[in-house]
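Residue numbers (this note's numbering), protein chains in the order written: chain X, 1072 to 1170; chain U, 129 to 271. All C-beta atoms in this analysis are idealised placements derived from N, C-alpha and C, irrespective of residue type, glycine included. Since the structure is predicted, the reported quantities are computational estimates derived from the model, not experimental observations.
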């Protein structure tokens, strides 16, 4: 039996950048406390990601620890550009759409 | 004090070097670039470059304490945008631009992507220190 746990956090901000990176990490830390072993981050509403935002996503991946995986979903063109150029697409499992 | 050289016919922006100031400036600059006829892909790349440049100034040149930035931007006839960015913060270490080698993604780095992204996405970048000013000159390409 497959059980999907879906936890809807606060809607992700339109811009995941230096202005919100710390706030994002803090909020994700709260959510991660009760997270299952597979976490999918729906980025469909994120229109812009800079290296600070990407660093925050990577920090969250590390925060989840080796036993829980962070996966990314629904990358818009600007987000995908940064994820591919930094080759972080070789590290994250990326889904075309949010589940 | 001599005026720093800027591209002729450029639109000028006064920016506060802090995360919110960077956001505000990018909003204005992107609206301008849209009007200047840059394609979506080019605008996307230009926004990434300028975000990284301005965030680096806020974080490293001014060390997070804020300070003024002057940005001048001109879309040229050949479809490239020419941009100069001036701040009065600390000089680049060694007086030169960082090498810009992309960190190994499998090391799961939380930083160090800024300059590699700038170097990948800008058509050209040059740095000089003019008295107490840092000046970056960027060329941004069209898709």
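For residue 215 of chain U, the enclosing beta strand (DSSP E) has its first and last residue at 209-215. Cβ-Cβ separation between residue 145 of chain U and residue 215 of chain U: approximately 6 angstroms, consistent with a contact (criterion under 8 angstroms). According to the DSSP assignment, residue 1148 of chain X belongs to no beta strand (DSSP E) but to the alpha helix (DSSP H) extending over 1148-1156. Secondary structure at residue 1142 of chain X: strand, using DSSP grouped into helix, strand and coil. Taken through DSSP and simplified to helix, strand or coil, residue 236 of chain U comes out as coil. Listed in chain order, the beta strand (DSSP E) runs fully inside the segment 150-229 of chain U are 196-203, 209-215, counting runs of at least 3 residues.
Counting along the chain, residue 144 of chain U sits inside no alpha helix (DSSP H); it lies in the beta strand (DSSP E) bounded by residues 139-144. Given a length threshold of 3 residues, each whole run of the beta strand (DSSP E) inside the segment 1083-1120 of chain X is given here in chain order: 1109-1113. The beta-carbon separation of residue 142 of chain U and residue 198 of chain U, rounded to 6 angstroms, stays under the 8 angstroms limit for a contact. The segment 1114-1129 of chain X and the segment 219-231 of chain U do not touch, with fewer than three beta-carbon pairs separated by less than 8 angstroms.
Residues of the segment 1142-1154 of chain X that bring their beta carbon within less than 9 angstroms of a beta carbon in chain U comprise 1148, 1149, 1152, 1153, in sequence order. One finds nothing in chain U with a Cβ atom closer than 8 angstroms to the Cβ of residue 1095 of chain X; even the nearest lies about 12 angstroms away.
Nearest CB-CB separation between residue 180 of chain U and chain X: below the 7 angstroms threshold. Within chain U, the residues placing a beta-carbon under 8 angstroms from that of residue 1125 of chain X are 241, ordered along the chain. Three or more Cβ pairs closer than 8 angstroms define a contact, and the segment 1129-1147 of chain X meets that threshold against the segment 1102-1114 of chain X. Counting C-beta atoms within 10 angstroms of its own C-beta, residue 258 of chain U has fewer than 16 neighbours from the protein chains shown and is therefore classed as exposed. Residues 1117, 1120, 1124 of the same chain have their beta carbon placed closer than 6 angstroms to that of residue 1087 of chain X, with the five preceding and five following residues left out of the count.
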